[in-house]
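> Starting off with a structure, shown below.
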Amino acid sequence: MTLSVEAIVAIVALFTTLPPILFGLWKFHHSQHYQRFQRNNELDLGRLPSPSQH
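And the structure:
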């Protein structure tokens with residue numbers, strides 16, 4: 001089974017980026033910081049100019 005360089009790079013990138021992201025999301029959901037993080041996110045979104053504000 002021969003893989004192209006692009007496929008190898010994609011697979012390596014997937015395996016190196018996915019676990020930390022999933023672990024980070026899982027930890028966020030099980031920490032008290034999650035609510036504060038969500039609130040900060042909403043504040044950040046509120047600061048961005050959105051069509052609904054006009």
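Position one of the sequence shown corresponds to residue 1 (full-length UniProt numbering), numbered consecutively onward.
The C-beta atom is built at its ideal place from N, Cα and C for all residues, glycine as well.
Computed from a prediction, not measured in an experiment: that's the story for all the values here.
Ends of the alpha helix (DSSP H) at V25?
Residue identity check: residue 25 is Leu in the sequence provided, not Val. Here the alpha helix (DSSP H) through L25 covers 5-29.
> Report the rounded CA-to-CA distance for L18 versus N40, giving the unit in angstroms.
Approximately 24 Å, taken between the alpha carbons.
> Can you list, in chain order, the residues of its chain whose CB lies under 8 Å from that of S31, leaving out five sequence neighbours each side?
Hits under 8 Å: none found.
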